[in-house]
Each structure stands twice: as C-alpha cells, then as structure tokens.
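Read the structure below first, then the notes.
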Amino acid sequence: MQCHCDSKQPYAGCCQPFLEGGLDAPTPLALMRSRYSAYRLGLGEYLVKTWHPDTLGELDAATLGESGLHTEWLDLAIVFARGSAADDEGEVEFKVRYRENGRVVLLHERSRFVRLEGRWVYHSGIHNPPKIGPNQPCPCGNGKKYKHCCGRR
1 MQCHCDSKQP YAGCCQPFLE GGLDAPTPLA LMRSRYSAYR LGLGEYLVKT WHPDTLGELD
61 AATLGESGLH TEWLDLAIVF ARGSAADDEG EVEFKVRYRE NGRVVLLHER SRFVRLEGRW
121 VYHSGIHNPP KIGPNQPCPC GNGKKYKHCC GRR
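Residues 1 to 153 (UniProt numbering) are what the sequence shown spells out, left to right.
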C-alpha cells in the first residue's frame with residue numbers, strides 16, 4: 001500500500017514507522033509528511049505529540065483526530081523543505097487540497113519546525129505565504145536561485 005502522504009513510497013517504509021512510535025522523524029519534511037498521514041488516519045495523539053506545546057493551545061488529540069477523519073483529503077504537494085537531521089530549525093512549504101461542504105479547498109502553508117528535547121516538532125505556520133520570486137535565493141538553502149531549484153517542481 002502506498003503511503004498516505006502522497007510520497008509514492010510504500011507506507012511501511014515511509015510514515016508508518018513514525019506513526020507507530022518506533023522512530024522519530026529525522027527531518028522536518030519527514031515529520032510534515034507523517035503529520036499529514038496522521039491527519040488522514042485520525043491519529044490525534046501523534047499530532048499532539050509532534051506539536052510544540054507553546055503553540056498547541058486548546059487543541060487536544062480527540063479534536064484533532066476527529067477533524068482529520070471527517071475531512072476528505074485529496075492530496076499533498078511539497079513546495080520546498082529546509083532542515084536536515086543536523087539542524088535545530090527547519091521549514092516546509094506545502095499545499096494540501098481537501099473537500100469541505102462539497103467544494104475543494106486549498107491550504108497553502110509555510111510551516112516552521114524546531115527541535116524539542118532532541119526530536120522535531122511542528123511549531124507554527126504562515127498561511128498563504130508570500131510568493132518567492134524566480135530570481136530570489138531558494139529558501140531550501142542550497143544557494144541556487146529559486147527558479148533553478150524548488151521552483152522547477
């Protein structure tokens with residue numbers, strides 16, 4: 001079975017090891033993908049565990065799990081990702097499409113991830129982030145212009 005995060009990888013080799021608690025996600029991108037899968041599967045406990053307590057607010061596992069199960073998730077597209085296993089901060093910009101009340105909704109977010117007690121957690125995000133110009137440096141940090149890097153996807 002393919003993974004729920006639209007990576008085109010087998011679930012067992014992609015998000016499953018993180019969702020079942022055996023491993024912590026090694027990068028912000030892996031955590032982002034596993035959190036998307038957790039929403040699709042209604043795994044609210046995982047979402048709370050991987051959310052920074054300073055920004056979780058009043059959300060709880062039951063609410064997050066239910067909202068995920070009652071959403072018709074359509075797809076996930078990664079715009080760019082920054083942050084490696086050696087970093088303490090990272091970002092993932094993504095677009096998620098889902099159906100709500102019969103219409104398709106696009107969620108576009110640039111998420112910030114930080115290390116907390118040695119593991120990656122979601123901290124916060126900016127919805128509908130400003131566009132990156134084609135001649136600006138790519139936010140993934142590789143030193144290329146955006147149009148020659150993540151802007152080609």
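Note that the Cβ used here is the ideal one computed from N, Cα and C, for glycine as well.
Discussion item. At the level of alpha carbons, what is the spacing between Gly143 and Trp73?
Written reply: The residue given as residue 143 occupies position 143 in the sequence shown. The residue given as residue 73 occupies position 73 in the sequence shown. One Cα belongs to Gly143, the other to Trp73, and the distance between them is close to 34 Å.
Discussion item. Can you find the residues in the same chain that come closer than 6 Å, C-beta to C-beta, to Asp6, ignoring five residues on each side of it along the sequence?
Written reply: Residue mapping note: residue 6 aligns to position 6 of the sequence shown, counting from 1. Its chain contains Asp75 and Leu76 as the residues whose beta carbon lies nearer than 6 Å to that of Asp6, once the 5 sequence neighbours on both sides are disregarded; these appear in chain order.
Worksheet item: Three-state secondary structure (DSSP) at Gln16?
Response: Locating residue 16 in the sequence shown gives position 16, counting from the first residue. Three-state result, Gln16: helix.
Fill in: Run of the beta strand (DSSP E) containing Lys49, from where it starts to where it stops
Taking the sequence shown and counting its residues from 1, one reaches residue 49 at position 49. Element bounds for Lys49: not the beta strand (DSSP E) but the alpha helix (DSSP H), Gly44 to Lys49.
Worksheet item: When DSSP builds the beta bridges, which residues end up paired with Ile132?
Response: Walking along the sequence shown from the start, residue 132 turns up at place 132. Answer is none; Ile132 lacks a bridge partner.
Worksheet item: Would His70 pass as a contact of Arg40 if the rule is Cβ separation under 8 Å?
Response: Locating residue 70 in the sequence shown gives position 70, counting from the first residue. Locating residue 40 in the sequence shown gives position 40, counting from the first residue. The Cβ atoms of His70 and Arg40 do not sit closer than 8 Å to each other.
Item to complete: Assign Lys145 to one of three DSSP states: helix, strand, or coil.
Response: Along the sequence shown, one-based indexing puts residue 145 at 145. Lys145 falls in the strand class under three-state DSSP.
Practice prompt. Under 8 Å by Cβ, that's how I've got His123 and Val114 pegged, so tell me the actual separation to the nearest angstrom.
Written response: If you number the sequence shown from 1, residue 123 lands on position 123. If you number the sequence shown from 1, residue 114 lands on position 114. Right, their Cβ atoms sit about 5 Å apart.
Fill in: Coil, strand or helix - Ser7 by DSSP
For the purposes of this step, residue 7 is taken as residue 7 along the sequence shown, with counting starting at 1. Three-state DSSP puts Ser7 in coil, outside helix and strand.
Item to complete: Using beta-carbon positions only, say whether Val96 and Tyr11 come within less than 8 Å of one another.
Response: Translated into the one-based positions of the sequence shown, residue 96 becomes position 96. Translated into the one-based positions of the sequence shown, residue 11 becomes position 11. No. Outside cutoff.
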